[in-house]
Structures are given as structure tokens and as C-alpha cells.
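**Q**
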Amino acid sequence: MPVDAGELYVVLRRVRPLHLLSARAVTAALAGEQVTMGVRALLEALLDTGPAPVPAIARTLSLPRQVIQRLVDQARGLGLVTTAPNPAHRRSPLVVLTDEGRAAFDRIHDAELRALGPIAAGLDPGDVAAAVRVLDALVTGIGRITADAPPVPIEEAP
């Protein structure tokens, strides 16, 4: 039986505070690092996709290219990424995660996982898998709805 749109909206209402609380948790995990939340997201995207040009990273993170370029510049200044020629497009170099970038992400992510451990211990794996499926469906569906919408203005990188 299909889910009522109102029931699905309840999930969205939970996502909003979760997003804000997650930002606080990530900020705590970044204590002692020179990495911002935005640079952390960039490092994770590169870890997931491998070397990629700024426009592709922007699509992956659903952020404007200009924001990604600022994050790349910050990360490059910290030695966390470098650029390499892009055989597919000479004017759009590939952004490449450095060994230092991978090590920084691993330290940050390990701290995040330690913080999540007690929460994970109280959950059923099937429930977590179902939550991932629902969130994936929301990201895909809302992505289709907003495909032609202009980007939300961002005053500073996430």
C-alpha cells in the first residue's frame, strides 16, 4: 500500500533538525582541525568519486560551482587537494585528494563514527537500511521536482 504524502512529510520534518544537529556534531569532530564543514564535504565527495572537476563535485553536493571552487581553493591552501589536467576538458582541471587530505578526512570521520557508536548500538540494522532507502527516495524525488529550480542562495560555504 502506498504511503500518504503527509506521512512522508513527517520524515522531512525530522530531517531538518537532524541536519542542524549533524552540523553541530561535525563541527565538534572538526575541533583541532583546520578543516571547515564545507571542506570536509569536499574531501568526502572526492573520496567517494575519485578525482573530479569542480562542476561534477558541485552536482554531487548540490551546491553552486562558485561555492565548490572556494572550497577547493581553501583545501588546496591546506594541502588537502591538488589539481591535475583533465583529459576530457582542458579548462576544467580535476580536483584530486592528496594523502594529507585522505588522512585528515579519516581522522575526522573516525571521530564522527565514535560519536555515532552509542546511537548505532541501539538500532536494528533493518530499520537503518529502510531509513536509507526512504532518504534515497526523497533525495531522488525532490531532486526531480527541483531540477529546474534556481539554486538556493548560500551566503557562505556549508
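Counting from 266, one number per residue, gives the positions in the sequence shown under our numbering.
Positions of the beta carbon are idealized from the N, C-alpha and C atoms, including for glycine.
Consult DSSP for residue 455 and reduce its assignment to one of helix, strand or coil.
**A** The question about residue 455 has no answer, for the chain in this structure spans 266 to 423.
**Q** State yes or no: is the C-beta of residue 367 within less than 8 Å of the C-beta of residue 295?
**A** Here residue 367 corresponds to residue number 102 of the sequence shown, with the count starting at 1. Here residue 295 corresponds to residue number 30 of the sequence shown, with the count starting at 1. No, these two residues do not count as a Cβ contact at 8 Å.
**Q** Can you find the residues in the same chain that come closer than 8 Å, C-beta to C-beta, to residue 380, ignoring five residues on each side of it along the sequence?
**A** Here residue 380 refers to the residue found at position 115 of the sequence shown. Closer than 8 Å at Cβ, skipping near neighbours: 290, 293, 294.
**Q** For residue 303, is the classification buried or exposed, using 16 other Cβ atoms within 10 angstroms of its Cβ as the cut-off for buried?
**A** In the sequence shown, counting from the first residue as 1, residue 303 sits at position 38. With 16 or more other Cβ atoms within 10 Å, it is buried.
**Q** Could you please give the first and the last residue of the uninterrupted beta strand (DSSP E) stretch that includes residue 411?
**A** On the sequence shown, residue 411 is found 146 positions in, with the first residue counted as 1. Here residue 411 belongs to no beta strand (DSSP E), and DSSP marks it neither H nor E.
**Q** Can you tell me the Cβ-Cβ gap for residue 316 and residue 330, rounded? I've got them flagged as a contact below 8 Å.
**A** Stepping through the sequence shown from its first residue, residue 316 is reached at position 51. Stepping through the sequence shown from its first residue, residue 330 is reached at position 65. Contact flag wrong, Cβ pair sits at about 17 Å.
**Q** By how many angstroms is the C-alpha of residue 334 removed from the C-alpha of residue 396?
**A** Position 131 of the sequence shown, counted from the start, is the residue given in the question as residue 396. Position 69 of the sequence shown, counted from the start, is the residue given in the question as residue 334. Rounded to whole angstroms, the separation of the alpha carbons of residue 334 and residue 396 is 32 Å.
**Q** Residue 349 bridges to which residues according to DSSP?
**A** Within the sequence shown, numbered from 1, the residue matching residue 349 stands at position 84. Its beta-bridge partners are 359.
**Q** Given a cut-off of 8 Å, decide if residue 363 and residue 345 are closer than it, judged by their beta-carbon atoms.
**A** Taking the sequence shown and counting its residues from 1, one reaches residue 345 at position 80. Taking the sequence shown and counting its residues from 1, one reaches residue 363 at position 98. A contact, by the Cβ cut-off of 8 Å.
**Q** Please report the residue range of the alpha helix (DSSP H) in which residue 364 lies.
**A** Locating residue 364 in the sequence shown gives position 99, where the first residue counts as 1. Counting along the chain, the alpha helix (DSSP H) containing residue 364 begins and ends at 364 to 386.
**Q** Consult DSSP for residue 296 and reduce its assignment to one of helix, strand or coil.
**A** In the sequence shown, counting from the first residue as 1, residue 296 sits at position 31. Reduced to three states, the DSSP call for residue 296 is coil.
**Q** Within a Cβ cutoff of 6 Å, which residues of the same chain sit near residue 301, ignoring the five residues on either side of it in sequence?
**A** Here residue 301 refers to the residue found at position 36 of the sequence shown. Around residue 301: no qualifying Cβ.
**Q** What is the DSSP secondary structure of residue 423, counted as helix, strand or coil?
**A** As a first step, residue 423 is located in the sequence shown; it is residue number 158 there, counting from the start. Confidence at residue 423 is low in this model, with a pLDDT of 42, below 50, so the placement of that residue should be treated as unreliable; the coordinate-derived value is given next. Residue state, collapsed to three classes: coil.
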